[in-house]
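First the structure, in the form of C-alpha cells, and then the observations on it.
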Amino acid sequence: MCVDAAPPPSSRLTRRGILAGAAALAGTVAVASTAATATTATAADRNGSAGGGRAAGGDLVVRGGTLLDPATGEVTEDAVVVIRDGVVLAAGGRAETDVPKGAEVVDAHGRWILPGLIDAHIHLSTTAEARDAVRLGVTSARSGSTSFYQDIAVRELARHTPVQAPRLRAAGVFVTPHLGDTVLADPDLTPLVRLKDSVRSAEALRRVVEVNLARGADVVKTRVNERAGLPDQDPLTQVYSHEQLSDVVAAARRGGKGVLCHSYSEKGCHDAVTAGIRSLEHGVFVGERTLHEMRRRGTYFTPTLTAIAGLATSPDPVLAERGRTFLPVLKRAVLAAHELGVPLAAGTDSAGGTVDPVGGEVELMREAGLPALDAIRTATTGAARLLGLERTAGRLARGFAGDVIVVDGDPLADVSVLKKPVRVVRAGIAL
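In this note's numbering, the protein residues as written are 58 to 488.
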C-alpha cells in the first residue's frame, strides 16, 4: 500500500498549531504567538544572527578570570568579556578592553572563562530538561529528535526566554521504520499506519521528511541500525539500505537540510556516509575505509561516548556487557577519526528526563586520546560548525553570542572541570 500522493500542508498554515501542541507537551506556553513571528525568528537564527527575531539579551561584564579561545588556543590572563544585548561587544585583556560603567559584573578571579558549550546530540522534550542543559553549561544544541515535535517548541522557547533553553537545532520526529505513537504527532503522518512494510518505501520516507520540514525542523534524523539501549534489539542489525538512506538524504536536501544518522555496524556506517549524511551518530564499529570517506566528504562524527559508557552501568546484564564491549572500540574509533582529520562533535544523547553534562563527553574524548584543546573544540568550535553556528557560538569574540561558562580550574590541564561550571551566562544573562 502506498502513501497518498498529497504534499504536506504549508508550514505557513500549520506552524502555529504545531508549536502550540508541542508547547503543551513540553510543559510551556511561551512559544511564538503567530506563525509569522515564528518564521521570522527561524530565518534570523538560520542566518547566524545572535539576536535577530528573539527577545533581547542582557548587558553583562565577566572579568578577572583566564579566557580561553578554543579557535586559536590563545589564553588571556585577567580577561574581560563585555556583553551588550546578549552579544559579545569585546573580549580580551583588562588593560585593552573598555568596561562600561554601571554594568552588572560576574567576578571570575581565579577561574577560567570559556564560551558556552554545545551538545550536538541531545533529546530535549520538556522545559525541565532544557533548563537543566543550560545549567550544565549547554547554551547551544542539536536535537536528536523527539516523539511529538517538542524540540521545535523548545527552540522557540529559547528564542523568547534564552535562560530557559539552549539555542537549538530541532530534528522533529525520527525517520524510522516503526513510528509507533509518533504517527499521532501530526495528522499527515497517520496514513503511514496502513503500510504493511512500515516506513520503508521511497514514498513513505519522503513523507516523514516532508512533514518534518513543513513543521519547521532544522535537520533530519534517521537510522541505519537497531538500538543499543534496548536488550531485545541487536544494534548491528541494519534496518535501512543504502538506497533507502539515499532517499532520506535526497528528501532532506530538497528542503536544504542535512541528515544525522544513528549507526553502529561497519557496513551500516559506510552505507550512511556514502548515502550523503551530514553526521554519523554513535558509529561504534565504523571502519577505516569509512573514516577516510568521512574525511573526504567532510562528514562529522558524533560518537556519543557518554551514552555508550552509560550502558556499562546498566542493571540489565545484556546492556552492561554491551557497554563494556562497545566503549573501548568506540574510543579507538574516535582517536582514529581525529588522527585522520575527521571532524568530531560532542553529544551526550541525553534523554528521558536526565541530562548528562556535555563536559563529561569532552572528558571521554580526552580519555580516547585527543589533546585537551581538541577535545574542548568538539563541544565548542567544531560542534558550532556542524550546527551552522560558527559565527554565533563556540567562541567569545566580538559579534558572537554572549554565552559564557566559568569553571573552577584550568580545562587545558583537566577537562573534567567542564562538567560542573560554577557560573553560566546565557545571552548576557547570568543564571
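Ideal Cβ placement from N, Cα and C applies to all residues, glycine included. Quick caveat, the model's predicted, so the values are computed rather than measured.
Spatially closest choice to residue i from the options, by CA coordinates
i	options	result
T359	I334, L293, V375	I334
S298	L287, C326, R284, A285	C326
T435	F457, L392, K477, G466	L392
A458	T184, R141, G121, P127	R141
L430	D126, V118, L117	D126
G167	A185, K324, I179, V479	V479
R224	R192, H235, I175	I175
D483	G143, E134, T123	A small fix is needed here, since residue 483 is Arg in this sequence, not Asp. Nearest of G143, E134, T123 to R483, Cα basis: G143.
G149	G286, L214, V119	V119
T252	A242, D243, L236	Going by the sequence as given, residue 252 is Leu instead of Thr. Checking every option, the nearest Cα to that of L252 belongs to L236.
D254	V296, G367, A432, L302	V296
P414	G229, L293, R188, I486	R188
P292	G485, S320, R199	S320
L171	D208, D155, A136, T184	A136
S303	V266, L488, S322	V266
A128	V474, R442, L384	R442
L287	E378, E213, A147, M422	E378
P385	V343, A432, A210, L262	V343
Alpha carbon of residue i to alpha carbon of residue j, nearest angstrom
i	j	result
V305	E260	10 Å
D471	G439	20 Å
K314	V461	29 Å
T196	A454	16 Å
K476	V281	31 Å
G114	T239	35 Å
V139	E350	42 Å
P400	I365	20 Å
L397	G355	11 Å
P468	D406	23 Å
P372	R381	13 Å
W169	V463	6 Å
I179	G410	11 Å
L488	E186	16 Å
Residue range of the unbroken beta strand (DSSP E) whose run includes residue i
i	result
G320	Reading off the sequence, residue 320 comes out as Ser, not Gly. First-last of the beta strand (DSSP E) with S320: 316-320.
V463	461-464
A147	144-150
S200	195-200
D467	Where D467 is concerned, there is no enclosing beta strand (DSSP E), given that its DSSP letter is neither H nor E.
L446	L446 -> no beta strand (DSSP E), and no H or E assigned at all.
Beta-carbon proximity check, residue i vs residue j, cutoff 9 Å
i	j	result
L362	E338	no
A408	G201	yes
V268	L246	yes
T232	T203	Checking the sequence, you will find Val at residue 232 rather than Thr. Taking 9 Å as the Cβ cut-off, V232 and T203 do not qualify as a contacting pair.
V191	L117	no
A228	V276	yes
L193	A222	no
D243	V256	no
A425	L387	yes
G466	V145	no
L444	R226	yes
Limits of the alpha helix (DSSP H) - the one that residue i falls within
i	result
H217	207-217
D189	184-192
G429	According to the sequence shown, residue 429 is Ala rather than Gly. 429-434 is the span of the alpha helix (DSSP H), which, as asked, contains A429.
A309	299-311
Any non-hydrogen atom of the ligand MN closer than 8 Å to residue i Cβ
i	result
R379	The ligand MN is not part of this structure, which contains no ligands at all.
task = Return the chain-ordered ranges of every beta strand (DSSP E) run that is complete within the stretch 323-376 and spans a minimum of 3 residues.
result = 336-339, 357-359
Every unbroken alpha helix (DSSP H) inside the stretch 373-416 [4 residues or more] = 374-397
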